[in-house]
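Sequential numbering from 1 applies to the sequence shown in UniProt numbering.
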Amino acid sequence: MIPASVRRTGAWRAIARWRRRRLIASSSWFDEAFYRSRVADAGDDPLGHFVRVGESAGLDPHPDFDTDAYVLLNPGAEGQALTHFVRTVAANPSRSLQPWQVIDPADPRVASGWFDAEWYRSQLDDGSETADDALARWHPYVHYVRHGVADGRPPSPIFDADEYAEHHDVGTEGPVRHWIDEQPEVGPFATLRTAQLDGLRPYGRHRVRPDRDLDGRSVCVMVHGFYPDVLPALFERLRALPSGWTLLVSVVDEAAVNVAQTAVDAAFEQGVGPGRTVVRVVANRGRNFAPLLVEFGDEVLTHEFVLHLHTKKSLYTGNEATEWRDHLVDHLVPDPAGVSAILSAFADDPTTGVVQAPAFPALPVWANHWLANSGRGRQLLERMGLDPALGRGYVDYPVGGMFWARSAALRPLYDLGLTLDDFEPEAGQTDRTLAHTLERLVSWSAVAAGLQYVEFDADTGTWRRGWTTRSSDRIGRIGRAEIADALRGADLVTIDLFDTLLLRPALDAEALRETAAQRLGDEGLDLLRRRIEAEVEVRGHGLGDSTLGEIYAVAAERWPADADAFDRLREAELELERRTIVPRRWLIETLADLKSEGQRFVLVTDTFFERPFVEELVEAVGATDLLDDLVVSNDVRARKDTGDVWDLVAEREHPERWVHIGDNEFSDIQQAADRGIGTLYLPHAGAIASAAGFDLGAVAAPARRATSIVAGAGLASLLSVRPDRDAARTPAEFGYGVVGPLMVSFVSWIRRRALADDVDRLLFVARDGYLPHRIMQQFDRVDPDRRVAASYFLTSRRAALRVALGSDDPEIAIDAALGASWFGGTVSAFFDARFGWTPEPDVFDGMADRVVDLPRDEPIVRDIVRAVLDELTAIGGRERAAFDHYVSSLGIGADGHHALVDLGYSGTTQRLLETALPGRTSGYYAVLTPAGTATPATAACFGDDAVWNDANLILNHQRIFELVCAAPHGQVAGLGGDGTSVGVMIDSRAQVGEDERLVVAEVQAAAIRFCADLIERHGPDLLSAPLDEPAVMRAIERAGEIIVPSFEAVFAGLHLDDDYSGIPRLPIEVD
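Listed below in structure tokens is the structure:
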């Protein structure tokens, strides 16, 4: 080694420059003409100037060599960029390297994940020539530093660069370099660039902590290595973790121990990777969950956090594939930045229990379902202290069995006390084992521990708190053309009956059975319980399947004193089926077209209904002529869910190409697919709601039946008419399927609330109270015993302002008029819109035509209001006198208790009218904002403290619901009269337009028809049954996002007429 003292001498520097000159000259990367054109004093020896001055100054030597860009990607080359590149080329003679291809792989700015090159490139749509040049050649980090920082572009999905820059002086290279180089002391930064919400489901927002804050966290990684050849790739990914964690590896034979240890030694050099490694041979039983929960349980629980991975190779198809495993690892161990974000999620929020990856997109959507694991899942849920009803339908869980967890979140699973003997021997099972059940319980284990689960999408930086996507973006996406194409050419098409060819108007068929039982009065539910016991007994006889007659025969034999009652229950079951079934019309029409082309169809159904009754139902939905044969499980003593019927049909039909259409994820789809039968999955309403995140099992048991029926009836109607979310809808479909369930829920809640609060009279506020009042009238006609006196109350915000001006404290009216509601227009227009007053312009001292904007110009407008307060209070006095007479005519007195009914939202009308209404006033609303919740004596059906654009279907689409609930008349402008009679002033400018009138009439008629159908099918008792109204809204909102995303065809181009804001016609927003 040459001593430093020698290297500092002038002679040595001259030798070094000579060597660099010779090296550069030997390449083609110094362009004398180009350099001379850029450097005026390059002289007769441009290369010499570059070696002496230009390279260290960062000058470009060639039109294709961008020195600054090269140094950004290779910080160690600063001052000698071209020299570094030429040496790199010489060291790699087999590669034709270009400058933009040389990137320092150890530079954390491009290797740590804080700058995500692939994501940044996907987000970049600049269109400028500079951007295109940068993208064409150089790593995207170059574009980010040169343009992205100044443009405010985020560097990755998990880095909120704007927030970071607010707290730190990041310099010209931007936040990424500052964060990596400085790891600043002044606080962490947010990982999400924006807080987001998806309907009713929250996204998380937490802060990433500097590495020093994560040191000392006790982390273990438990890897099950059934396929030891995969371990090297997994361990290489684990280099993204901070050092010092514990590695626990399970393998199934001694030979794999050496493979695992060799892979550990190869992946982790000194100072990187685990601080301790344990490799243990375990029995090949229980897949990856027996090693996690039994073999390594004690070790896992000594750590604060665990990352669980395994060497997964197979997909549902049974073919070896790596994509699923790679997908899960990419989200759980994406890069050092992503790992820091995950560990910070645990550190920042102590309620975070499990972090899991999004479901693999190539999986069938029904992989997110309990499938055949429901029975055992319910048992274990109950042992974990949770409602066993959660063990059905679609479920949030880490599909594939890999996840991060706080060890405390897994404690409920460990407390089950499982042993190796509880797990089935390995037999290549694809489902229905304890391991498959435990996989579906991971997220629920966190809930049982009082914690939350989170789905982390590393590709977008999205943290879904308490919910997962469940692949719901793909469920129900099928149309007539796709079905026709899939069926043409099949030798045999088999079709399921219940919830496929015909639909049941409920989220859960059990709700309909309970309705039938309740028709028998108080004894009905007890009879149903015993009838279910009889069914279990009959199924245990090993007949293959049982008929309804056999079930009731056993019930009558066990309880002979109730034989007649069981006969009545049986008839009630049959009659309810007849009365409630809804044909899936679009499917029947599609199959009829194919039938005309010669397609063969066979009905295959698992049911206890005897064949003649099945034929009756088929005829009722108009499908008799479609079917060449019927295979009824209790007739042939073979079922789809046991698998027997598939063999029977195959022996009868001998099809070469067979397609089955059905709704049941296990019996129709998984069982058929496992046998190589083509499948078309047509989910029913409950499944769609469940897949989209609605859990009926989370609804309190007493309210579950009515909630299932009200929400399910609306959604089933939508599924009946059209196949998918892309189909155009009609006003009637929206009215029946969406507005109907919501209005029935709202009015049912109003009724129950009014009776509980001893309300004497309900006052449905015009105009938005028009449709709820009509629904209430339906309730009263069929159920007069629970009737509460109700009136359509002729008032409005403007009319209420006028009344309050006549009170002892007109400031209440002034504050309300100038409050939160936006207004834009002239001063004169403001007084007309808010007070219904249009004096001569000179009253405002030249200010009449001044344009104002509220709330911005509130002080100016308030001064104008005070200047004409005498005139306003005179108007208020006259309005108050008319109002008192109107109220008296309704029988409202000082001793009464009345409740205003309105859609919402801030309770302004109620606060104003309380200045004049005698007696006690309450307010019942569909939705309340925080301002409305703060109003005394208010309650909301679908949510209080609701905030626009975050978590409420009605509030987020308030203009649509105000339009469809409105009366056909214009806004009530005020009251008039002579003291002996009352006149109502209607604002002719705020009338419902003709286009809107036609749509609204159709929507309202359909909503009223929904209510009538509900009463006809289930009787008036349903109207007073316990109901979870917010759950109805959630089911409609979640499933509606799939079935009916926007109803553009219904509301496009329509307006809401209301001059209160200064805009006479407010456009309806459909998105």
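No residue lacks a Cβ here, since even glycine has one placed at the ideal position from N, Cα and C.
Subject >> 8 Å contact criterion, which Phe-360 and His-308 should meet: CB distance rounded >> reply: Not confirmed; about 17 Å, so no contact.
Original post:
Do you know how far the Cα of Arg-432 is from the Cα of Asp-169?
Top reply: The alpha-carbon separation between Asp-169 and Arg-432 amounts to approximately 57 Å.
Original post:
Using a Cβ-Cβ cut-off of 6 Å (strictly less than) and excluding sequence neighbours within five positions of Glu-173, which residues of its own chain qualify?
Top reply: For Glu-173, where only same-chain residues beyond five positions count, the Cβ hits under 6 Å are Val-145.
Original post:
Where do the ends of the alpha helix (DSSP H) carrying His-331 lie?
Top reply: Counted as a single uninterrupted DSSP element, the alpha helix (DSSP H) harbouring His-331 occupies residues 323 to 332.
**OP:** Whole angstroms is fine: what's the gap from Pro-155's alpha carbon to Leu-72's?
**Re:** So the alpha carbons of these two residues sit roughly 15 Å apart.
Original post:
Any idea if Thr-352 is buried or exposed, counting beta-carbon neighbours within 10 angstroms, 16 or more meaning buried?
Top reply: Buried.
Subject >> Contacts around Gly-678, its chain only, beta-carbon distance under 6 Å, and the 5 residues preceding and following it disregarded >> reply: Within the same chain, Gly-678 has close Cβ partners Val-659.
Original post:
Under a three-way DSSP split, which group does Leu-1023 fall into?
Top reply: The three-state reading of DSSP puts Leu-1023 in helix, counting H, G and I together.
Original post:
What do you get for Ala-91, buried or exposed, if any count of 16 or more other CB atoms within 10 angstroms of its CB means buried?
Top reply: When all chains shown are included, Ala-91 counts as exposed.
Original post:
With a CB to CB cut of under 7 Å and the five nearest residues on each side skipped, what residues in its chain are close to Ala-766?
Top reply: Counting only Cβ-Cβ distances below 7 Å, and skipping sequence neighbours, we find Tyr-792, Phe-793, Leu-794, Thr-795, Ser-796, Ala-967, Val-972.
Original post:
Does the distance from the C-beta atom of Gly-76 to that of Glu-55 stay below 8 Å?
Top reply: Not in contact: Gly-76 and Glu-55 (Cβ atoms no closer than 8 Å).
**OP:** Give the secondary structure of Arg-465 by DSSP, where H, G and I count as helix, E and B as strand, and everything else as coil.
**Re:** Taken through DSSP and simplified to helix, strand or coil, Arg-465 comes out as strand.
Original post:
By Cβ distance below 6 Å, which residues in the same chain neighbour Val-249 in space, the five residues on each side in sequence not counted?
Top reply: Same-chain partners within the cutoff: Val-223, Gly-225, Ala-260, Val-279.
Subject >> Status (buried if at least 16 other CB within 10 Å, exposed otherwise) for Asp-522 >> reply: Answer is exposed; the Cβ neighbour count stays below 16.
Subject >> For Ala-592 and Leu-626, believed in contact at Cβ under 8 Å, the rounded distance >> reply: Leu-626 to Ala-592, Cβ: 6 Å. Contact.
**OP:** Please report the Cβ distance between Thr-838 and Asp-832, rounded to the nearest whole angstrom; I am assuming they are in contact, meaning their Cβ atoms lie under 8 Å.
**Re:** Contact holds; Cβ gap of about 5 Å.
Original post:
Which residue comes first and which comes last in the alpha helix (DSSP H) that contains Met-743?
Top reply: Taken as a continuous stretch (DSSP letters only), the alpha helix (DSSP H) holding Met-743 covers 740 to 756.
Original post:
Exposed or buried, Trp-18, counting other C-beta atoms within 10 Å across all chains shown (16 or more means buried)?
Top reply: Counting Cβ neighbours within 10 Å, Trp-18 comes out exposed, since fewer than 16 surround it.
**OP:** Give every residue of the same chain whose Cβ lies closer than 8 Å to the Cβ of Thr-31, excluding the five residues on either side of it in the sequence, and list them in chain order.
**Re:** Per the sequence shown, the amino acid found at residue 31 is Asp instead of Thr. Excluding positions up to five away in sequence, the list reads Pro-61, His-62, Pro-63.
Original post:
Tyr-1060 to Leu-963, Cα distance in whole Å?
Top reply: If you take the alpha carbons of Tyr-1060 and Leu-963, they lie about 15 Å apart.
Subject >> Candidates Pro-46, Glu-1016, Ala-940: closest to Pro-505 by CA position >> reply: Among Pro-46, Glu-1016, Ala-940, the Cα nearest to that of Pro-505 is on Glu-1016.
Subject >> Secondary structure, alpha helix (DSSP H): runs of 4+ residues fully inside the region 649 to 695 >> reply: Restricted to the region 649 to 695, the alpha helix (DSSP H) segments that are unbroken, complete and at least 4 residues in length are 671 to 674, 685 to 691, listed in chain order.
Original post:
Which ranges would you report for the alpha helix (DSSP H) in the region 267 to 309 if only whole runs of at least 4 residues count?
Top reply: Listed in chain order, the alpha helix (DSSP H) runs fully inside the region 267 to 309 are 297 to 301, counting runs of at least 4 residues.
Subject >> Host alpha helix (DSSP H) of Cys-941 (start-end) >> reply: Element bounds for Cys-941: n/a, residue is neither H nor E.
Subject >> Cα-Cα separation, Thr-915 to Ser-745 >> reply: Spanning the alpha carbons of Thr-915 and Ser-745 requires a straight line of approximately 31 Å.
Original post:
Is Ala-687 near Gly-466, with beta carbons less than 8 Å apart?
Top reply: With contacts defined as CB atoms closer than 8 Å, Ala-687 and Gly-466 fail to qualify as a contacting pair.
Original post:
Cα separation between Leu-390 and Asp-695?
Top reply: Cα to Cα, the separation comes out at about 7 Å.
**OP:** Indicate the three-state DSSP secondary structure (helix, strand or coil) for Pro-583 in the structure shown.
**Re:** Looking at Pro-583 - three-state DSSP - the assignment turns out to be strand.
Subject >> Cα-Cα separation between Asp-499 and Asp-663, rounded to whole angstroms >> reply: Across the structure, Asp-499 and Asp-663 are spaced so that their CA atoms are roughly 6 Å apart.
**OP:** Select from Val-738, Ile-775, Glu-733 the residue whose C-alpha is nearest the C-alpha of Ile-750.
**Re:** When only C-alpha atoms are compared, the closest one is Ile-775.
Subject >> Through-space distance from Val-149 to Ile-864, alpha-carbon basis >> reply: Near 47 Å, if we compare the C-alpha coordinates of Val-149 and Ile-864.
**OP:** Taking only the alpha-carbon atoms, compute the straight-line gap between Arg-657 and Glu-665 and give it to the nearest angstrom.
**Re:** Straight-line measurement puts the Cα of Glu-665 at about 21 Å from the Cα of Arg-657.
**OP:** Give the range of the alpha helix (DSSP H) segment to which Thr-88 is assigned.
**Re:** For Thr-88, the enclosing alpha helix (DSSP H) covers residues 81 to 91.
Subject >> Host beta strand (DSSP E) of Gly-1067 (start-end) >> reply: Checking the sequence shown, residue 1067 turns out to be Pro, not Gly. Run containing Pro-1067: 1065 to 1067, per the beta strand (DSSP E) assignment.
**OP:** Report the three-state DSSP secondary structure of Ser-596 (helix, strand or coil).
**Re:** Of the three classes helix, strand and coil, the one that applies to Ser-596 here is coil, per DSSP.
Original post:
Out of curiosity, what's the CA-to-CA distance linking Gln-356 and Asn-373?
Top reply: Computed Cα separation, rounded: 20 Å.
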